[in-house]
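Notes for the one structure printed next.
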Amino acid sequence: MQTFLSHLVYGLFWLISLLPLRVLYWIFDIVYIFVKRFYRKRVVHDNLVKSFPDKTADEIAKIERDFYHVFCDYFAEDIKSFSMSKKEMMRRVVFSEESVRVIREQFENGKDYVFAYLGHYCNWEWMASFAYWMPFAHCAQLYSPLQNKVFDQVFLKLRQQYGGECIPMAISPRRLIQLRNEGKKLFVAFIADQLPQWKGIHHYTPFLQRDTAVFTGAEQMAKKFNASVIYSHLYRPKRGHYYIELELMTAEPKAQPDYDITDTFMRMLEQDIVRTPHLWLWTHKRWRRTKEEWLERQKKGNVN
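All residue numbers for the sequence shown refer to the numbering used here, where the first residue is 341 and numbers rise by one.
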């Protein structure tokens, strides 16, 4: 039954995706009116005000409007991707020639793994098309399965249609070792700006004016596998088009002090957000686990 429902939902999205992208944009321009009014309005406003204390009320309001517009655009674009051809996707999501060269060079220099860090910035779902640009690597992305099994199967199929592999976080170390033992060179993407659970917090870093809990698992895995670490700069030159530049952070992760890679990623992401703030996902309750409460929990031995 679950498989049947996932096929049904996928089919419905596929049929809707046959509409021209401009029509989907028009539809979500109407949806925008309601989303901006009702969806996490207080969360978005509070996040922006605290992240940009020097901006005026009018400047904050403009960022909010622009954010909700691109937020709705992401839904239109993700729906369109159900039936988008490889040629069309590569026209809309372009990796610079230098980026592809940097990745190829890491493998030629003997690396088995290249880990790419990115945040919820621009259309991170379309970033999965990196497999089109790197046929010389086994491309993968780590993910946490959705609680709704039907939609988990739908989006798993969608994300893997570009040729990459989605690997659940829980089995990722074992699977990465298995793929390496098969002789594959691996390019692995991590969305690394999410909020960890209390038990997963080991480090806070300054980010957008606040001490911010960060995932350190990607850094730990990079050191374990001696992976080159890449930062993904995403740009949105115009509606429905993205440009990606990949920058080498380090080829020797084991030589970096603990948390240095994570801190560097967060600083680079912050710079991108400050440059174009409306492209980041402001609806997340990113700072609800404060450093003060974390320290208090450490004292009491309550880490859950």
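Idealized CB from N, CA, C, for every residue including glycine. Predicted model, so just to flag it, every value in this text is computed and none were measured.
Is the stretch 520-528 close to the stretch 442-452, with three or more CB pairs under 8 Å?
yes
Nearest to W538 by CA position, among F415, E399, E438 and L635, is which residue?
L635
Rounded to whole angstroms, how far is the Cβ of Y483 from the Cβ of M509, which I believe are closer than 8 Å?
7 Å
Per DSSP, what are the beta-bridge partners of Q481 in this structure?
C506 and A529
Please check the pair Y457 and F605, which I expect to be a contact at CB under 8 Å, by giving their CB distance rounded to whole angstroms.
5 Å
When DSSP labels each residue in this structure, what does K390 get in the three-state scheme?
helix
Which residues does DSSP pair with I458 in a beta bridge?
Before going further, note that residue 458 is Leu rather than Ile in the sequence given. DSSP output for L458 lists I531 as bridge partner(s).
Please report how far the alpha carbon of I531 lies from the alpha carbon of S568, in whole angstroms.
16 Å
Along the beta strand (DSSP E) that carries H572, what are the first and last residues, could you check?
The identity of residue 572 in the sequence shown is Ser, whereas the question assumes His. S568 to K578 is the extent of the beta strand (DSSP E) around S572.
L588 bridges to which residues according to DSSP?
I570
Check whether the stretch 372-381 and the stretch 578-594 are in contact - that is, three or more C-beta pairs closer than 8 Å.
no
What's the C-alpha gap between Y414 and K489?
22 Å
Proximity test, Cβ basis, 7 Å: V389 and chain B:
The structure shown contains no chain B; it holds only a single protein chain.
Give the straight-line distance between the Cα atoms of Q596 and G450, rounded to the nearest whole angstrom.
19 Å
Cβ separation of G459 and L609, assumed to be a contact under 8 Å, to the nearest whole Å
5 Å
Where the beta strand (DSSP E) through V433 begins and ends
V433 to F435
Taking C-beta to C-beta, are S469 and E585 nearer than 7 Å?
no
Using the Cα positions of R579 and G641, report the straight-line distance between them to the nearest angstrom.
49 Å
Strand pairing of W620, partner residues [DSSP]:
Y461
Pop quiz: A416 and F374 are said to be a contact at Cβ under 8 Å. What is the actual Cβ separation, rounded to whole angstroms?
Actually they do not touch by this definition, with Cβ atoms about 15 Å apart.
Need the endpoints of the alpha helix (DSSP H) that T343 sits in, please.
Q342 to S357
Return the CA-CA distance between Q493 and S346, expressed in angstroms with no decimal places.
6 Å
May I ask you to report which of helix, strand or coil DSSP gives L546?
Per the sequence presented here, residue 546 reads as Pro, with Leu not at that position. Strand, per DSSP.
Tell me the rounded alpha-carbon separation between N521 and R405.
49 Å
Alpha carbon of P475 to alpha carbon of Q549, nearest angstrom
40 Å
Whole-angstrom distance between K390 and L619, CA atom to CA atom
17 Å
Taking the CB atoms as reference points, tell me whether F422 and W354 lie closer together than 7 Å.
yes
Which same chain residues, not among the five before or five after F565, have their C-beta less than 6 Å away from its C-beta?
Y453
Could you tell me which of T396, V614, R362 and A562 sits nearest to P513, measuring between CA atoms?
A562
Would you kindly report the start and end of the unbroken alpha helix (DSSP H) that includes N521?
S512 to N521
Between which two residues does the alpha helix (DSSP H) holding L364 run?
L361 to F378
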